[in-house]
Each structure stands twice: as structure tokens, then as C-alpha cells.
Amino acid sequence: MRERHPHDRFDNTRTHTKRVGAHRAAGALPQRHWGWLVAVLAVLVLVVSGIIYIAVQNGKIDFTPPSSSATEQPSEEPTDGATDNPDDGGTDQNGGDTGESQAPPSDTPTTGAIDKTASIYVLNGTTTTGLSAGASTRLNQAGWTQQISVGNAKSKNVRQSVVYYHDDAGESAARGVAAALGIQTVTKSQEYAKNNAGGPAPANQVVAVLGTDYSASR
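Using UniProt numbering, the letters of the sequence shown correspond one by one to residues 1 to 218.
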């Protein structure tokens with residue numbers, strides 16, 4: 001038989017109560033409401049993304065940062081030191097030659113008329129007797145009909161034959177004498193700028209010094 005206890009205050013409870021689900025937090029949203037909010041946010045994201053994409057395609061929005069190394073437009077004003085003439089060998093603004101167009105000196109004989117009236121000396125720089133006299137005869141046969149002075153050079157050991165002239169007026173005659181005697185070297189020098197008397201030589205004086213390379217048979 002079940003034991004019965006005396007009635008106390010804990011037995012005084014309500015048989016029926018209207019409080020149902022009292023353990024839930026106040027204000028909590030049902031789970032179905034969260035799903036609706038997520039769907040709305042997804043739609044908003046898609047709409048905004050579509051608007052941005054269309055704007056970029058139409059060129060209304062540019063995400064490219066400005067370049068710091070943009071190409072400068074060429075100036076229409078000439079820079080300092082620029083020349084109007086692209087040729088290197090032109091003249092400057094003052095009308096003078098720049099120097100780059102000048103041709104180097106040439107050893108080619110001049111094409112002007114040979115002065116056959118020049119004062120000519122033929123000196124023997126070797127130990128071969130009669131060498132200068134034979135050269136004088138060759139010059140006479142080549143058209144040098146004036147009196148040609150012959151003699152001996154200061155040195156008897158001259159190896160290379162040279163025709164000297166001391167003034168530009170004697171250059172054509174010097175080259176003509178060299179061609180007639182078969183001498184390759186023609187030089188402008190003041191070494192023979194005097195005559196036999198020790199005075200100033202005429203401007204067209206030419207002196208041929210014969211060396212061991214001279215051939216009388218040429």
C-alpha cells in the first residue's frame with residue numbers, strides 16, 4: 001500500500017497553466033524568417049554587382065590607376081643646341097665651316113699646269129759619281145729646258161730620294177720633277193729656302209736630293 005505523506009505547501013500547484021514554451025528567449029525570430037533575410041541579401045548583392053558590371057563595360061567607371069610614367073608630348077619649340085641642318089658636315093650660323101666637312105690632305109699630285117720655268121737644283125746624296133748630272137739630263141729630256149744646277153748634298157748616306165719645295169708657288173714644279181725622276185716623296189720644307197749665294201731663294205725653287213733608292217735607269 002502506497003505511503004501517504006502529510007500535505008504541505010509544495011502540493012499547492014496549479015493544475016492548468018497558460019505558460020507554454022517559457023524556456024525560449026524573448027524576441028527570437030523563427031528559423032523561417034532567417035531564410036527570407038538571406039534570400040533578400042543575395043538578391044541585393046546580385047543587383048549591385050550587375051549595375052557595377054554594366055557601368056564598367058560602358059566606360060563610366062575606370063578602376064585603372066593613373067600612370068606616373070605617361071608619355072610626354074613632343075615640344076614644338078627647338079631645344080638648345082639643336083641644328084637646323086641634319087648634315088654633319090654643314091656650315092654653322094656664322095657661315096664658317098664646322099671642320100667636319102674638310103677633306104684630309106691628299107698626296108695626289110695636283111692637276112694644275114706644271115711650272116717648267118722653276119729654279120731647279122739636283123743634289124747627289126750618294127757616293128755614286130755623276131748621279132746628279134744624269135738626273136739633270138733626264139729633266140731636260142722631260143721638257144725642263146732651263147739651266148739646272150747640280151751638286152753634292154751635305155750627306156753621302158741619303159737613303160730616300162726627296163723633292164723639296166719651300167713655297168706653295170713651287171709645288172706644281174716639285175711634283176713634276178718628282179714624276180720625271182721617278183721619286184715618290186715630295187715635301188714642303190724650309191731646309192732649302194736659300195740659293196747658292198745664301199740669299200732668299202725664288203718662290204718656285206725646287207731641290208731634288210737623290211738617295212741610294214734612286215735609279216738612273218728609270
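We put the CB at the ideal spot given by N, CA and C, even for glycine. As the structure is a computational prediction, the values presented were derived from the model and not from experiment.
Check the DSSP bridge columns for residue 273 and list the partner residues they point to.
With the chain represented from 1 up to 218, any question about residue 273 goes unanswered, as that position is not in the structure.
Rounded to whole angstroms, what is the Cα-Cα separation between A133 and V122?
Taking the sequence shown and counting its residues from 1, one reaches residue 133 at position 133. Taking the sequence shown and counting its residues from 1, one reaches residue 122 at position 122. Between the alpha carbons of A133 and V122 lies a gap of roughly 8 Å.
Can you check whether the CB of N195 is closer than 8 Å to the CB of Q153?
Here residue 153 refers to the residue found at position 153 when the sequence shown is read from its first residue. Here residue 195 refers to the residue found at position 195 when the sequence shown is read from its first residue. It is worth fixing the name first, because residue 153 is Ala in this sequence and not Gln. With contacts defined by Cβ atoms closer than 8 Å, A153 and N195 do not form a contacting pair.
Taking V186 as the reference, which of A193, A178, S217 has the closest Cα?
Along the sequence shown, one-based indexing puts residue 186 at 186. The shortest C-alpha separation from V186 is found at A178.
When you measure from the CB of V186 to every non-hydrogen atom of the ligand ZN, does any distance come out below 7 Å?
The ligand ZN is not part of the structure shown, which contains no ligands of any sort.
Opposite N152 in the DSSP bridges: which residues?
Working through the sequence shown from its first residue, we reach residue 152 at position 152. According to DSSP, which records beta bridges pairwise, N152 is partnered with N124.
To the nearest whole angstrom, what separates the beta carbons of V158 and T212, a pair I think is in contact under 8 Å?
As a first step, residue 158 is located in the sequence shown; it is residue number 158 there, counting from the start. As a first step, residue 212 is located in the sequence shown; it is residue number 212 there, counting from the start. The beta-carbon distance between V158 and T212, rounded to whole angstroms, is 7 Å. This is short enough to meet the 8 Å contact definition.
Once DSSP output is grouped into helix, strand and coil, what is the label at S119?
For this step, residue 119 is matched to residue 119 along the sequence shown. Shown here, S119 sits in a strand according to DSSP, grouped into three states.
According to DSSP, what are the bridge partners of V158?
Counting from 1 along the sequence shown, the entry for residue 158 is found at position 158. DSSP lists no partner for V158.
Within its chain, find whatever has a CB closer than 6 Å to the CB of A193; leave out the 5 residues flanking it on each side and keep chain order.
For this step, residue 193 is matched to residue 193 along the sequence shown. A distance below 6 Å between beta-carbons, with the five flanking residues on each side excluded, links A193 to the following residues of its chain, in chain order: H166, A201.
Can you tell me whether A197 is helix, strand or coil according to DSSP?
As a position in the sequence shown, residue 197 is number 197, starting the count at 1. Reduced to three states, the DSSP call for A197 is coil.
Could you tell me if Y53 is buried or exposed, where buried requires 16 or more neighbouring beta carbons within 10 angstroms of its beta carbon?
Here residue 53 corresponds to residue number 53 of the sequence shown, with the count starting at 1. By the Cβ-count criterion, Y53 is exposed, with fewer than 16 other Cβ atoms from all chains shown falling within 10 Å of its own Cβ.
Identify, in the order they occur along the chain, each residue of the same chain with its Cβ nearer than 8 Å to the Cβ of I148, setting aside the five sequence neighbours on each side.
Numbered from 1 along the sequence shown, position 148 holds the residue referred to as residue 148. The beta carbon of I148 sits closer than 8 Å to those of I120, Y121, V122, S136, L139, N140, all from its chain and outside the five residues before and after it, given in chain order.
If you draw a straight line from the alpha carbon of T126 to that of Q160, how long is it in whole angstroms?
As a working note, residue 126 is residue 126 in the sequence shown. As a working note, residue 160 is residue 160 in the sequence shown. Pairing T126 with Q160, the inter-Cα distance amounts to about 10 Å.
Below 8 Å between beta carbons: does that hold for T131 and A216?
For the purposes of this step, residue 131 is taken as the residue at position 131 of the sequence shown. For the purposes of this step, residue 216 is taken as the residue at position 216 of the sequence shown. Here the sequence assigns Leu to residue 131, which means Thr is not the residue at that position. Yes, the pair counts as a contact, with Cβ atoms nearer than the cut-off.
Since A208 sits in a beta bridge, which residues does DSSP pair it with?
Looking up residue 208 in the sequence shown gives position 208. According to DSSP, which records beta bridges pairwise, A208 is partnered with V122, V163.
Starting from the Cα of S172, find the closest Cα among Q205, T128, A55 and give me that residue.
Against the sequence shown, residue 172 aligns to sequence position 172. Measuring from the Cα of S172, the nearest candidate turns out to be Q205.
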